[in-house]
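In our numbering, the protein residues as written are -18 to 60. Notes follow once the structure below has been shown.
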Amino acid sequence: MNIKKAADLSGIKTDNIRYYERIGLIPKIARTESGIRNFSEANIRTLKFVKHMRDAGVQVEPLTRYMVLVTEGNPNTKE
């Protein structure tokens, strides 16, 4: 699905989604042959998680560090 639909489903503005991808808060989104982002259901779940955490007051920098650990499957993520 495209970024507009992802924004509608996640509650995050399209500009913020692009920013989150650029800084590594969310993983790189797969793209179509024409270069358009193609969001999966897993991407939407990640966006919803990020939205909940941001709404709870978690700052971008520590959340980005946490998401990198989760994405890497680091066994020390719990710390």
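The C-beta atom is built at its ideal place from N, Cα and C for all residues, glycine as well. Computed from a predicted structure; not experimentally measured.
Q | Thr70 burial status per 10 Å Cβ neighbour count (16 or more: buried) | A | What is shown of the chain runs -18 to 60, which leaves residue 70 out entirely.
Q.
What does the Cβ neighbour count give for Val31, buried or exposed, with the cut at 16 atoms within 10 Å?
A. Around the Cβ of Val31, a 10 Å sphere holds 16 or more other Cβ atoms; the residue is buried.
Q | Option nearest Thr(-5) by Cα separation, candidates Gly54, Asn(-17), Ser15, Gly5 | A | Asn(-17)
Q: Can you say whether Arg18 is buried or exposed, counting buried as having 16 or more other CB atoms within 10 angstroms of its CB?
A: So Arg18 ends up on the buried side.
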